[in-house]
Amino acid sequence: LAFAILENAVIAAIAAVTAGAGAVAAKVGMTAVKRGEKFVVSLVRKDRPGSVFELGKVEKSEFNEAERRILGSDNQGTTRPDPDRGPAEVKDADAAQKDRQREKGKESLATGKEGEKFYEDKYGGRSLQNASGNGIDNIRDDPLTFSEIKTSTRGDYRMYGDQLRGGKYFVRSRLSQISKGKGAYKSLSSEDKNYARSLLQRMNAGESATYNKVKLRKNADGTFSEDGVETWKRDDAAYKKWRENEERKRTQRAERKAKDSAAQLPPSTGPPTNANQ
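Residue numbers (my numbering): 864 to 1140.
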């Protein structure tokens, strides 16, 4: 993105959220998240956590000049001068954290997909998943086997959510949702829905099934190593802990949202006078 275009975009965004050049440094910061050889530059409202204006990509050599010309020399370190180490440190930490979480989620999804393809290419079978990768990772016949494939670059093969309730529960619940086209699975094809329905019918008729947790490690050179296969067991203690943690995060998000909403209300002018009652 040419710097002149970036600067015009910044000026327009600032004009929409601030009044006068003197207010810029107090209300607006910049973040730069490294993506490949460039940095995605965004404006961040310091007084409204989560309000981000993504501007585009700039070369590393342009970033410091962009910061100086747009925010001036008195921006008080709202961005880190050297963004090589990752997202800039800004007072609006929530926005930077969201950027990191999004990038981590994309990377994790991509790694998981690669691991599932490696396993399917080697052992066969197929998946029943939506576009986000939710569902059953691998299904094989003769004998009927359902596998949850955990792929990691660090050897972290933890399970989350309903996965902790065991293979039998997880598989049946997902097959039921897929066959009915419910929730996250409503966009799956008729073929997928019919296949899920047929699997449920086979299991209801008494066919036995095996439930596995497959552990794959992605190496630095992009290859995969098999770290073993274990029975996909139910872990009630871990599931309870996960639920408690999720509830705590929901409460914290609600508290932050309420706080942000309160911060955006106009200041009180005190009790009404007789003149304006």
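Virtual Cβ for every residue (Gly too), placed ideally from N, Cα, C. Bear in mind that the values here come from a model prediction, so they are computed numbers and not experimental data.
- Counting C-beta pairs with one atom in each stretch, the segment 1005-1017 and the segment 1045-1054 have fewer than three that are closer than 8 Å, which means they do not touch.
- The Cβ neighbour count for SER1052, taken over all protein chains shown within 10 Å, is under 16; the residue is labelled exposed.
- Excluding sequence positions up to five before and after GLU1070, its CB lies within less than 7 Å of the CB of LEU1007, all in the same chain and listed in chain order.
- Assigned with DSSP and collapsed to three states, ARG1106 falls in helix.
- Ranked by Cα distance from LYS1078, the first of SER995, ARG1017, ASN997, GLN992 is ARG1017.
- Note on geometry: alpha-carbon atoms of GLY1030 and SER1124 lie some 42 Å from one another.
- Between the segment 1034-1041 and the segment 1100-1112, the count of C-beta pairs closer than 8 Å stays below three; the two stretches do not touch.
- Counting the other CB atoms within 10 Å of its CB gives LEU1062 a total of 16 or more, which places it among the buried residues.
- Rounded to the nearest whole angstrom, the C-alpha separation of GLU1054 and SER1039 is 15 Å.
- A distance of 8 Å or more separates the beta carbons of TRP1105 and GLU1011.
- The beta-carbon separation of LEU1027 and ASP1090, rounded to 19 Å, does not stay under the 8 Å limit for a contact.
- By the beta-carbon neighbour count (other beta carbons within 10 angstroms, threshold 16), GLY987 is exposed.
- Looking at the DSSP output, ARG1080 shares a beta bridge with SER1015, SER1088.
- Where ASN1067 is concerned, the enclosing alpha helix (DSSP H) starts and stops at 1053-1067.
- In the DSSP assignment, the residues bridged to PHE1009 are ILE1002, TYR1074.
- Excluding residues up to 5 positions away in sequence, LYS1056, ALA1059, ARG1060, LEU1063 lie with their Cβ nearer than 7 Å to the Cβ of SER1042 in the same chain.
- According to DSSP, GLN992 shares a beta bridge with GLY998.
- Distance between ARG1021 and THR1014, taken at the CA atoms: about 10 Å.
- Taking 8 Å as the cut-off, the beta carbon of ASN1001 is found closer than this to the beta carbon of SER990.
- Between GLY978 and PHE1087, the C-beta gap is smaller than 8 Å, which places the two residues in contact.
- Selection ALA1101, LYS1076, GLN1115 evaluated against TYR982 yields LYS1076 as nearest (Cα-Cα).
- Between the alpha carbons of ARG1065 and LYS1103 lies a distance of about 31 Å.
- LEU1027: not part of any alpha helix (DSSP H); DSSP gives it neither H nor E.
- For ASN993, the CB contacts under 7 Å within the same chain, skipping 5 residues up- and downstream, are ALA1047, TYR1048, SER1050, LEU1051 in chain order.
- Straight-line spacing of the CA atoms in GLY1024 and VAL1092 works out to 20 Å.
- In terms of Cβ geometry, ALA1072 and PHE1009 form a close pair [threshold 8 Å].
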